[in-house]
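Take a look at the structure below.
Here's what the structure looks like:
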């Protein structure tokens, strides 16, 4: 109750000043006035503590100031009623002056906080640690550029709820993707279905995990009783537990569950300090509170200093807000309304609060969002952002290859139009750099949220789509299609070229649009080599048995793009 009591008491500062003034001025009726002060205080304190208990307002300058204005005004009216003081008479001039001062203060303060909040938008934008990069690194051969969609994972876990003891008491909580050991999994706590279930059950039974990278994986239930949860009531509620410990921080989003190396679950809540006399976040000072669901103990960390098993100290809600501040207020609030120069609007195709969590090659979690133009009826992307879920650092990819490509909504629509009779839809679109080509990777789900296919869509060409049943096979098929497409027969990766030499075993020349593409095999080499005749005009005369020396960009799916080629029979 510490936080609730502190907030309530701070809300009575103005009332205490007014009450003191009443006592000093009503000398003839001091005892009556003191009783009135006590009655009004007790009544408002009980009402105030109930309101604070329910709504849990953070202790910030705007919140406490407005609370003081309201309680001070209501308290003064109560004192007028319970004492001999009559407003707006000759004997009440000084009291009326206080009334006018409070009203004037409210008229100035409330709009003032709103105006300060607008001018603070620049400071919030500037507090974002930002880096701009032209192009993301290409996927390496070991990368699996997708995870199972949350809809599909939730569907499977929901069907496994029968393994939970007293399952009628519980429902499935918020899914949180994280890395446990070497596996990327969804973690979902078991939560109470309502007050009476909480009253009878007292504590939940545990949590589920299910692979986020294997569509065939089944959920696993872990028995770990938790008393402090999101669905618990009174002082066992996680939000209230964090508020009582740190009422001067603003909470961002719902607390999520994270599991440590020993399998113990923790509730993790993102917190932030506001800037100046506003409630706008300082994105350089994000914290995280960790709640032990058994004891209710709370520990506070800087987000970047949270224990390593916590993959998402920064919540998806906080990341979504960060995207808004970054994109909309690049040149301030006025520009976001009128000129809109350089303004970027985050798309809403994410799986969690308009962002999608993904993991990089180092096992660190990021939130992905693509950005589009504020102009209506524009379905092309301006670039995309990755927000580090631990540090809050935002990386914006806005090179020429990422500018003007289709956005995530367009990628989902392509999938939706492909299977209209089955009512399958696209979910969780994520943009990857595959062999130098921006590519949308989309999950295809049935109406029940069950996985059906993967779709790889070339972001610059809506007609270039490859569907498949597994991540690996679809990626290989897509890369092979890229290698055979004349518009992609060029080196797009930064890797060093490899030298090869051999004898031509098979060769084929195809004409596509205005280009001729030569593909060939070398003896004792399974790689399919592709060369654009525009780079090597003599390559169209290749024949079986020719000896060649070449430099090629080798792909990991046994294809290669030839940069230079020397044909012995034609070089003399």
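In the working numbering, the protein residues as written are 432 to 1003. For each residue, glycine too, the CB sits at the ideal point set by N, CA and C.
query, result
"In terms of residues, what are the limits of the beta strand (DSSP E) holding residue 644?", "From DSSP, residue 644 is part of no beta strand (DSSP E); its letter is neither H nor E."
"At which residues does the alpha helix (DSSP H) containing residue 466 begin and terminate?", "461 to 486"
"Can you give me the start and stop residues for the alpha helix (DSSP H) that residue 970 sits inside?", "Unbroken run through residue 970: none, as it is neither H nor E."
"Could I get the ranges of all uninterrupted alpha helix (DSSP H) runs contained in the region 817 to 893, with 4 residues as the minimum, in chain order?", "839 to 849"
"DSSP three-state call for residue 906: helix, strand or coil?", "helix"
"Measure the CB-CB distance between residue 880 and residue 582 and report whether it falls below 8 Å.", "yes"
"In three-state terms, what does DSSP make of residue 556?", "helix"
"Among 760, 609 and 613, whose alpha-carbon lies nearest the alpha-carbon of residue 690?", "609"
"Looking at C-alpha atoms only, which residue of 544, 675, 693 and 858 is the closest neighbour of residue 434?", "675"
"Using a Cβ-based criterion (distance less than 7 Å to any ligand heavy atom), does residue 552 qualify as near the ligand PLP?", "Within the structure as shown, the ligand PLP is missing, as the structure has no ligands at all."
"Cα-Cα, which of 870, 833 and 885 is closest to residue 857?", "885"
"Under the three-state reduction of DSSP, which class applies to residue 637: helix, strand or coil?", "strand"
"Are three or more beta carbon pairs between the region 982 to 1002 and the region 945 to 959 nearer than 8 Å?", "yes"
"Enumerated in chain order, which unbroken segments of the alpha helix (DSSP H) with a length of 4 residues or greater are wholly contained in the region 606 to 685?", "626 to 632 and 669 to 676"
"What first and last residue would you give for the beta strand (DSSP E) that runs through residue 563?", "561 to 564"
"Check residue 895 in the structure and name its three-state DSSP category.", "coil"
"For the candidate residues 998, 994 and 990, whose alpha-carbon lies nearest to that of residue 979?", "998"
"To the nearest angstrom, report how far apart residue 805 and residue 940 are at their CA atoms.", "46 Å"
"Skipping 5 residues on each side, what residues in its chain have a beta carbon closer than 6 Å to that of residue 543?", "none"
"Enumerate in chain order the residues of its own chain whose CB-to-CB distance from residue 446 is below 6 Å, with the five nearest sequence positions on each side excluded.", "502, 503 and 506"
"If you draw a straight line from the alpha carbon of residue 924 to that of residue 615, how long is it in whole angstroms?", "Low confidence applies to residue 924: its pLDDT is 48, below 50, so where it sits in the model is not reliable, and the reading given next is rough at best. Whole-angstrom Cα-Cα distance: 28 Å."
"Among 442, 799, 760 and 720, which residue has its Cα nearest to the Cα of residue 494?", "442"
"Could you tell me how far apart the beta carbons of residue 758 and residue 774 are, in whole angstroms, since I believe they sit closer than 8 Å?", "7 Å"
"Any contact between the region 719 to 731 and the region 697 to 710? By contact I mean 3 or more CB pairs, one from each, below 8 Å.", "yes"
"Can you grab the Cα-Cα spacing for the pair residue 841 / residue 868, in whole Å?", "17 Å"
"Does the distance from the CB of residue 820 to the CB of residue 717 come in under 8 Å?", "no"
"Can the beta-carbon of residue 672 be found less than 8 Å from the beta-carbon of residue 682?", "no"
"According to DSSP, residue 998 sits in a beta bridge with which residue or residues?", "979"
"Please tell me whether residue 622 and residue 640 are closer than 8 Å, where the distance is taken between their beta carbons.", "no"
"Once the 5 residues before and after residue 810 are set aside, which same chain residues still bring their CB inside 7 Å of it?", "837, 838, 840 and 841"
"If you draw a straight line from the alpha carbon of residue 832 to that of residue 538, how long is it in whole angstroms?", "52 Å"
"What is the rounded straight-line gap between the Cα of residue 950 and the Cα of residue 791?", "34 Å"
"Per DSSP, which residues does residue 953 bridge with? Please list them.", "935 and 956"
"May I ask which residues mark the beginning and end of the beta strand (DSSP E) holding residue 699?", "696 to 705"
"Taking just the CA atoms, how far does residue 948 sit from residue 1035?", "Nothing about residue 1035 can be read from this structure; the chain reaches only from 432 to 1003."
"Tell me, which residues are paired with residue 731 by DSSP?", "720"
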